Amino acid sequence: RGGAAPRGPGGGPPPSSCRALTRALAGLGRSSHWQGAVAVFVLARHGRLLPDAFVCTSVISACEKGAKWETALALLPLLPSGDLRRSVPSFNAAISACEKAAHWGGALAVFASLQHRSLSPDVVTFNATISACEKGQRWGPAMRLLGTMRAHRVWPNAITYCAAISASEKGACWERALALLEDSRRDGSPPGVVAWSATVSALEKGQQWERALTA
Numbered sequence: 093r094g095g096a097a098p099r100g101p102g103g104g105p106p107p108s109s110c111r112a113l114t115r116a117l118a119g120l121g122r123s124s125h126w127q128g129a130v131a132v133f134v135l136a137r138h139g140r141l142l143p144d145a146f147v148c149t150s151v152i153s154a155c156e157k158g159a160k161w162e163t164a165l166a167l168l169p170l171l172p173s174g175d176l177r178r179s180v181p182s183f184n185a186a187i188s189a190c191e192k193a194a195h196w197g198g199a200l201a202v203f204a205s206l207q208h209r210s211l212s213p214d215v216v217t218f219n220a221t222i223s224a225c226e227k228g229q230r231w232g233p234a235m236r237l238l239g240t241m242r243a244h245r246v247w248p249n250a251i252t253y254c255a256a257i258s259a260s261e262k263g264a265c266w267e268r269a270l271a272l273l274e275d276s277r278r279d280g281s282p283p284g285v286v287a288w289s290a291t292v293s294a295l296e297k298g299q300q301w302e303r304a305l306t307a
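Residue numbers (the working numbering): 93 to 307.
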């Protein structure tokens with residue numbers, strides 16, 4: 093018989109409904125079928141199911157894999173206001189979508205929006221944003237982000253250092269690249285081939301031939 097749809101605790105959708113929706117969207121995301129993920133999401137919102145943070149993350153991740161950063165950003169305002177503490181992965185997925193498009197401005201805007209909502213960025217947030225700046229050849233913002241990590245009680249890892257060193261190389265800042273290489277070793281995050289190659293390239297661009305041989 094007609095009537096109100098069943099609700100979960102606190103007036104939210106039944107957990108089983110959200111789980112099924114999350115599974116469906118995750119499957120579409122894995123196949124990079126972002127159009128299908130967005131269509132399912134829209135249908136759910138037009139019905140009586142209010143997607144939770146996990147559902148939103150799944151559809152934004154599908155857009156990320158489909159290289160649709162504009163759509164990913166458009167979905168962020170639809171995050172449920174009562175579920176923000178579980179929304180950091182949604183912001184991370186949107187930043188990653190911008191990073192893949194080298195849209196550093198969008199990545200920084202999402203990072204700022206996350207902080208505006210009093211959410212705490214994690215290492216994935218920082219890594220994706222720094223990488224977006226690196227791909228956009230904006231080494232200044234990348235270095236500033238790196239400098240604020242410890243204030244947020246977030247510690248750089250090998251991915252962080254690789255992105256920051258590559259940003260320094262693109263900014264022709266060999267001193268910074270070399271210092272970051274040493275920092276990564278001291279922090280127990282040995283640089284990979286990409287980070288080491290970027291450091292050597294920065295040294296070569298700065299005509300620091302002897303340092304390049306011993307990096």
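Virtual Cβ for every residue (Gly too), placed ideally from N, Cα, C.
This one's a predicted model, so the numbers in the text were calculated from it and none came from an experiment.
- Rounded to whole angstroms, V147 and R268 show a C-alpha spacing of 40 Å.
- Within the region 153-202, the complete alpha helix (DSSP H) runs of at least 4 residues fall at 161-167, 180-192.
- A159 sits close to K192, with the two beta carbons spaced by under 8 Å.
- In the displayed model, V246 falls within coil according to three-state DSSP, outside both helix and strand.
- The Cβ atoms of E226 and A189 do not sit closer than 8 Å to each other.
- By the Cβ neighbour-count rule, A243 is exposed, with fewer than 16 other Cβ atoms within 10 Å of its own.
- L270 sits in a helix when the DSSP states are folded into three classes.
- In the three-state scheme derived from DSSP, where H, G and I count as helix and E and B as strand, A264 is classed as coil.
- Contact annotation: A199 and I187 have beta-carbon atoms nearer than 8 Å.
- Assigned with DSSP and collapsed to three states, G232 falls in helix.
- D275 and T221 have their C-alpha atoms some 20 Å from each other.
- Residue state for H125 is assigned as coil, using DSSP reduced to three classes.
- Rounded to whole angstroms, the separation of the alpha carbons of T240 and V292 is 26 Å.
- S210 sits in coil when the DSSP states are folded into three classes, being neither helix nor strand.
- For the set C254, A264, C265, G197, the Cα lying nearest the Cα of W288 is the one of C254.
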